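Below is one structure, written out as structure tokens, with a few remarks after it.
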Amino acid sequence: MTLLLSWPDSDAPLFEASGFGMFVLTNGLHFLLHQATQADEETSRFFSPIPESDSSNAINRLKEDSSGPNITAIADSALRTYASPVIRRVDNALNAWRATWDLRSNRDSKHERYTFKGDPLPFWWLAKLYLLLHYHGHILQPDSEYASPRAEAPDSHGKSMVQSKVVGWLSSFRGRKFTVNTETENWLPELMKFKQ
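If you're matching positions, the sequence shown starts at 612 in the numbering used here and goes up one per residue.
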């Protein structure tokens, strides 16, 4: 994680790792992203709000095309304009992760994209989606597909709704919908076995 946070060269991978190893790193990056957005929300109340027209344009672009590459482009545009140093540092680590993933020499194309845990790229896109929503999600209606799940109630029903929403986003990044029935006890193992 330290290497990702201090990445010096965008043209060289930092290390070699399996798909599962890169998946574990994205989970760590999601934790750092959560901390950074919480800190950013605390300090952002002292700054001017993002113009509603910018947010409306970004959300309309997201609704038209919710693919990972488009989400990345929208998020990167917001980051260039609005990112605080703490968010920029986490985004740099995310970009280091992506460069390492793209430039790795050991690829297991037979098994990559086989399960969620072996295909970490959708989790990277999920982080970019969180960044996009951090800056532009304030204009969304609560029932929107992209309304930030972090604002949901922390009870078990709220958690199930959040989990279902996130699984839907991840499966759409993989190009195949996985419907979550969070009422059953075995939905998480079924998700982990979900194949492309």
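Glycine residues also receive a C-beta, built at the ideal position from the N, C-alpha and C atoms.
All of these numbers come straight from a predicted model, not from anything done at the bench.
Where Asn717 falls: helix, strand or coil (DSSP):
DSSP, read as helix, strand or coil, puts Asn717 in coil.
Glu821 by DSSP, collapsed to three states: which one?
Any property of residue 821 remains undetermined from this structure, which presents the chain solely from 612 to 807.
Looking only at its own chain, which residues have a Cβ that is under 6 Å from the Cβ of Pro733, when we skip the five neighbours before and after it?
So the qualifying residues of the chain are Leu781, Phe784 and Arg785.
So Ser716 packs on Asp651, CB below 8 Å; how close in whole Å?
Actually they do not touch by this definition, with Cβ atoms about 36 Å apart.
Proximity to Trp736 [Cα-Cα], best of Thr637, Ser617 and Glu756:
Taking the Cα of Trp736 as reference, the smallest distance to any Cα among Thr637, Ser617 and Glu756 is reached at Thr637.
Kindly confirm or deny that the region 671-683 and the region 634-649 touch, where touching means at least three C-beta pairs closer than 8 Å.
With a cut-off of 8 Å on Cβ pairs, the region 671-683 is not in contact with the region 634-649, counting fewer than three such pairs.
Can you give me the start and stop residues for the alpha helix (DSSP H) that His645 sits inside?
Here the alpha helix (DSSP H) through His645 covers Gly630 to Ser655.
Does the beta-carbon of Leu744 have 16 or more other beta-carbons within 10 angstroms, so that it is buried, or is it exposed?
By the 10 Å Cβ count, Leu744 comes out buried.
Checking 8 Å against the spacing of the C-beta atoms, do Thr654 and Lys739 come in under that value?
Cβ atoms of Thr654 and Lys739: not closer than 8 Å.
What does the alpha-carbon distance come out to for the pair Ile750 and Leu644?
If you take the alpha carbons of Ile750 and Leu644, they lie about 21 Å apart.
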